[in-house]
Amino acid sequence: MSKKEAENVCFWLPNQSANKMDVLTPHKMVVVFLIQEYMRLKKSPEGGTTEQQPPAIELSFADRKRFCMLLLRLIQFPDMPYKDLHALLVSQSYGLHPVHLEEFTKLMKLLKSIGIDVLFDLYNDIDKIIMDNSVLIGIVGLHLRKVFVTMDKMNFQEVMELYQATIAYYDKGVNAMAADKGIAEESVNALNLSQYTPIKPSDHGAFAAKWSVKQSELFVAQQSALLKENEVKALPPDELERRLTEIIHDRPQYAQAYFLQYLNNLRVRDISNAIQALHRSFDRGTTASSAAGANGGSGIPFASENYSKEYQYSNLNLAILHSHFGHRKHALQSLRECITLAQDNGDLTCLHLAHSWIARLHNQDPPLPEKNASASSIHATSLGALAEIRRSCQGGDEPPAKLLGRLMLNDHLNCQRSMMDLVANGTAVRAAVWTVYGNHSMVSLCAQVLLNADLKSLDKTYNGEGICQVLCSTVVWLAFLGEFNLAIVVLKHTKDRFPTYPHSHEWWIAEHYITVTRAIYRGHWAEATSECQRMHVFSPPLAMLQLAHVTLAKLEFTTAKTIIRRLLACGDTLDPLIHVRALILYANTFVGTQHPAAINVLGEAQQLARNHHLQYEEALIGLHFGYIYLVHMNVPRQALVALKGSLETILANGPIYDKSRAMFVFARALVEAEEEQAKRLEQLASLVPMFEEAIECFEKLECYSKAKDVYIYLAKTFHSLGELDERNRYSYRYRMLEEQFPTEAQYLNVFL
Numbered sequence: 017m018s019k020k021e022a023e024n025v026c027f028w029l030p031n032q033s034a035n036k037m038d039v040l041t042p043h044k045m046v047v048v049f050l051i052q053e054y055m056r057l058k059k060s061p062e063g064g065t066t067e068q069q070p071p072a073i074e075l076s077f078a079d080r081k082r083f084c085m086l087l088l089r090l091i092q093f094p095d096m097p098y099k100d101l102h103a104l105l106v107s108q109s110y111g112l113h114p115v116h117l118e119e120f121t122k123l124m125k126l127l128k129s130i131g132i133d134v135l136f137d138l139y140n141d142i143d144k145i146i147m148d149n150s151v152l153i154g155i156v157g158l159h160l161r162k163v164f165v166t167m168d169k170m171n172f173q174e175v176m177e178l179y180q181a182t183i184a185y186y187d188k189g190v191n192a193m194a195a196d197k198g199i200a201e202e203s204v205n206a207l208n209l210s211q212y213t214p215i216k217p218s219d220h221g222a223f224a225a226k227w228s229v230k231q232s233e234l235f236v237a238q239q240s241a242l243l244k245e246n247e248v249k250a251l252p253p254d255e256l257e258r259r260l261t262e263i264i265h266d267r268p269q270y271a272q273a274y275f276l277q278y279l280n281n282l283r284v285r286d287i288s289n290a291i292q293a294l295h296r297s298f299d300r301g302t303t304a305s306s307a308a309g310a311n312g313g314s315g316i317p318f319a320s321e322n323y324s325k326e327y328q329y330s331n332l333n334l335a336i337l338h339s340h341f342g343h344r345k346h347a348l349q350s351l352r353e354c355i356t357l358a359q360d361n362g363d364l365t366c367l368h369l370a371h372s373w374i375a376r377l378h379n380q381d382p383p384l385p386e387k388n389a390s391a392s393s394i395h396a397t398s399l400g401a402l403a404e405i406r407r408s409c410q411g412g413d414e415p416p417a418k419l420l421g422r423l424m425l426n427d428h429l430n431c432q433r434s435m436m437d438l439v440a441n442g443t444a445v446r447a448a449v450w451t452v453y454g455n456h457s458m459v460s461l462c463a464q465v466l467l468n469a470d471l472k473s474l475d476k477t478y479n480g481e482g483i484c485q486v487l488c489s490t491v492v493w494l495a496f497l498g499e500f501n502l503a504i505v506v507l508k509h510t511k512d513r514f515p516t517y518p519h520s521h522e523w524w525i526a527e528h529y530i531t532v533t534r535a536i537y538r539g540h541w542a543e544a545t546s547e548c549q550r551m552h553v554f555s556p557p558l559a560m561l562q563l564a565h566v567t568l569a570k571l572e573f574t575t576a577k578t579i580i581r582r583l584l585a586c587g588d589t590l591d592p593l594i595h596v597r598a599l600i601l602y603a604n605t606f607v608g609t610q611h612p613a614a615i616n617v618l619g620e621a622q623q624l625a626r627n628h629h630l631q632y633e634e635a636l637i638g639l640h641f642g643y644i645y646l647v648h649m650n651v652p653r654q655a656l657v658a659l660k661g662s663l664e665t666i667l668a669n670g671p672i673y674d675k676s677r678a679m680f681v682f683a684r685a686l687v688e689a690e691e692e693q694a695k696r697l698e699q700l701a702s703l704v705p706m707f708e709e710a711i712e713c714f715e716k717l718e719c720y721s722k723a724k725d726v727y728i729y730l731a732k733t734f735h736s737l738g739e740l741d742e743r744n745r746y747s748y749r750y751r752m753l754e755e756q757f758p759t760e761a762q763y764l765n766v767f768l
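Using this note's numbering, the final residue of the sequence shown is 768, and nothing's skipped along the way.
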């Protein structure tokens, strides 16, 4: 390899399909002018001060820092109009030293009068600057070398066109500044990292605003990392799409840009365009690899290997997409191709991910890595373990102790390696496991631990799926506690923090669920029905379950049976938790008509709950047994036996609605169990605080029909015991509540 070829290796990338350097634009030339003037002002003149060589100046640490940050921004970010660039030069954050700004302004004004000699002098100055040891390495040194090599390859005609484009670029910026003097400060404030104004392609012909190779790679890498770790700080989907379109226009063979476009389309659930972008990533990667290999191998020895790695990860994502749509055969084909490429490249991480997805498609345990595996392999293993724990919890295959023990080991491994995304996801999965088993207090504890944890690693704070899930759990738990206003506040925070898909899927379900629940409590049947229809888009089983609840509350037993039977027809695909709750509602359709089949259905639900370790659902079934024994079979002592086994679980972990129902039924059973009138009156007087607590909780939930049930029971019971004053007091309270919140009579005394 010749010396010149060796120099060119530094500026060529394997994903370039043609022997073409980055295009020199007027913006890049202005950046070099800034560096040129800075170096002249730092260096003392050997032959004394002249008009061309001003005296050296003392630059403070703050001046040097501002200039370095300015160069970093100008080099790494896309080209901008001269007006915006000048606004940066005089801004507070990036402002130049006054002498530096004055000399730079003089140079820009002299461009027309001096002529094209400016660029030839610049070429010689760059050659001298890069010989200085202080700038041999670093971003500025690399930028100067790229400009020097590119100018070295340009002929006179190309240099003349670049000079004319630079003059036009400067003139247009000066004219724009003259027209916008009054709003200069506003334009400075508008220049942040998420907004910029690119130069239109028609401005300077071939020297329009271009994304250089390094700029585009940096942008794609930054946005990809943000989408993974903190999507809120990533660009909005529409703006990201515009920038990717610009990058693809400048670098049509850049496969990673198409892949990021695929991820961006998934954010807005544009599946059609996502698949097209993924296919283009395949095509461009293959084309670029072939073109790179056709270069004869000079200076590009790893081109085909790099593109093969890109190709294998594209295969993996295509397989994941197929699996989400249920295309098992196509997913397995893509995974086999991915495994073949990963084996050729020796990529153990991709190989492990592919095998994990194959195990998932075959409903098998994911493979474990070797003891001395890399961090990326451990990351993939942890992801697979969390997915397996979630699947086992939903299927009810393993006891809770085993799942929680596996979670503890997984969390220990993640904390040791500071994998914050997996720490958050592990805590979210733990909260989900406790939710399934009905321990809502532990769910709240897990959510608080995660939300108050410091998830910062390498100056990056995790803000992903796990955070969104525990926030949604907090929203639902606050609604269960009757704190609907606080739940709405947390829900709004979740929406602002995770505005796009797929995280929005979680809070949409939470929002519809608490809205339906609140509407059922209030007795607003039309609102509850419409919310169930909206929720059906996000979670059909949960929506059908809530709709059955609404129809039961409306005493439409035939409609409720139809909905529940349709839900139960899903069979093994139905989660055990939804299955048990559907059976409880199905039993209530028989309770309303006093049909003896209610006991059989509840027994079936109880057995299913025990088989899948659903302790809280089993306690709710015991509560329903107690209600049937007490109200419909008139055996209060048998009701007490059923209630005592369930009361502790419900009072410790349940929502206040279930707690209120449990206290009401249990207190009624204690009163009804006393046969003598005097003892019954004494028992009732001692249990009045429990009845009052149930009333308070029902009113906090705005469930006034249930509060009226308690008033009616107390008034009737005191009347039967001859306590007229107490009867009148509770009758008055019932009447006042009825006048304020009227309820139709048929909706009273409905146990749901």
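Built from N, CA and C at the ideal position, the CB exists for glycine as well.
Item, Value
"Locate the alpha helix (DSSP H) running through ARG267, then write down its first and last residues.", "From DSSP, ARG267 is part of no alpha helix (DSSP H); its letter is neither H nor E."
"At the level of alpha carbons, what is the spacing between ALA304 and VAL190?", "Confidence at ALA304 is low in this model, with a pLDDT of 47, below 50, so its placement is unreliable and the value that follows should be read with caution. Whole-angstrom Cα-Cα distance: 41 angstroms."
"By alpha-carbon positions, which one of GLY412, GLY362, ASN361 and CYS354 ends up nearest to HIS371?", "CYS354"
"How close, in whole Å, do the beta carbons of VAL506 and ILE530 come, if the pair is a contact with beta carbons under 8 angstroms?", "Actually they are not in contact, since the Cβ atoms of VAL506 and ILE530 sit about 10 angstroms apart, beyond 8 angstroms."
"Classify ILE405: buried if its beta carbon has 16 or more other beta carbons within 10 angstroms, exposed otherwise.", "buried"
"Write down every uninterrupted run of the alpha helix (DSSP H) in the region 92–137 whose length is 4 residues or greater and which is fully enclosed by it, in chain order.", "98–105, 114–125 and 127–130"
"Cα separation between ALA319 and TYR329?", "Because ALA319 sits at a pLDDT of 44, beneath the cut-off of 50, its placement in the model cannot be relied upon, and the following sentence gives the value as read from the coordinates. Rounded to the nearest angstrom, the two C-alpha atoms are 16 angstroms apart."
"Which residues mark the beginning and the end of the alpha helix (DSSP H) in which GLN610 is found?", "Taken as a continuous stretch (DSSP letters only), GLN610 belongs to no alpha helix (DSSP H), as it is neither H nor E."
"Given 8 angstroms as the limit, is there contact between the region 230–245 and the region 271–290, that is, 3 or more CB pairs closer than that?", "yes"
"On the DSSP bridge list, what partners appear for THR182?", "Paired residues: none, contrary to the question."
"Which same chain residues end up closer than 8 angstroms to ARG82 when comparing Cβ atoms and leaving out the 5 residues on each side of it in sequence?", "SER109, TYR110, GLY111 and LEU112"
"For MET167 versus TYR185, is the C-beta spacing smaller than 8 angstroms?", "no"
"What separation, rounded to the nearest whole angstrom, lies between the Cα atoms of LEU369 and VAL39?", "39 angstroms"
"Considering just the uninterrupted stretch of the alpha helix (DSSP H) at MET551, what are its terminal residues?", "541–551"
"In this structure, how does DSSP classify ASN455 when only helix, strand and coil are distinguished?", "coil"
"Could you tell me whether the Cβ atoms of LEU367 and ASN333 are closer together than 8 angstroms?", "no"
"Short of 6 angstroms in beta carbon distance, which residues of its chain neighbour ASN774, apart from the five on each side in sequence? Order them along the chain.", "What is shown of the chain runs 17 to 768, which leaves residue 774 out entirely."
"Assign LEU88 to buried or exposed, taking buried as 16 or more other Cβ atoms, counted over all protein chains shown, within 10 Å of its Cβ.", "exposed"
"Could you pull the DSSP bridge partners for ASN479 from this structure?", "ASN246"
"Out of curiosity, what's the CA-to-CA distance linking GLU201 and ALA103?", "Because GLU201 carries a pLDDT of 48, less than 50, the predicted location of this residue cannot be relied on, and the following value inherits that uncertainty. If I take the Cα positions, the gap works out to 8 angstroms."
"For PRO415, which three-state DSSP category applies?", "coil"
"Identify whether PRO42 lies in helix, strand or coil by the three-state DSSP scheme.", "helix"
"What are the boundary residues of the alpha helix (DSSP H) that LEU558 is part of?", "556–569"
"Taking VAL452 as the reference, which of LEU697, LYS249 and LEU593 has the closest Cα?", "LEU593"
"Could you check what DSSP says for HIS595 in three-state terms: helix, strand or coil?", "helix"
"If you measure from the CB of TYR329, is any heavy atom of the ligand NAD nearer than 7 angstroms?", "The ligand NAD is absent from the structure shown, which contains no ligand whatsoever."
"State the DSSP-derived secondary structure class of MET170, mapped to helix, strand or coil.", "coil"
"How about CYS488 and GLU522: do their beta carbons lie closer than 8 angstroms?", "yes"
"Is the beta carbon of ALA559 sitting closer than 8 angstroms to the one on THR567?", "no"
"Alpha carbons only, please: which of ASN379, GLY539, GLY482 and LYS122 is nearest the one belonging to SER408?", "ASN379"
"Let me know the secondary structure DSSP gives VAL647 once reduced to three states.", "helix"
"Where does GLN239 fall in DSSP's three states?", "helix"
"Measure the C-alpha to C-alpha separation of LEU477 and LEU471 and round it to an integer number of angstroms.", "The amino acid occupying residue 477 in the given sequence is Thr; Leu does not appear at that position. Answer to the nearest angstrom: the Cα atoms are 5 angstroms apart."
"Have a look at TYR720 and PHE554 and give me their C-alpha separation to the nearest angstrom.", "30 angstroms"
"For the structure I just gave you, are there three or more beta carbon pairs, one from the region 588–603 and one from the region 615–631, closer than 8 angstroms?", "yes"
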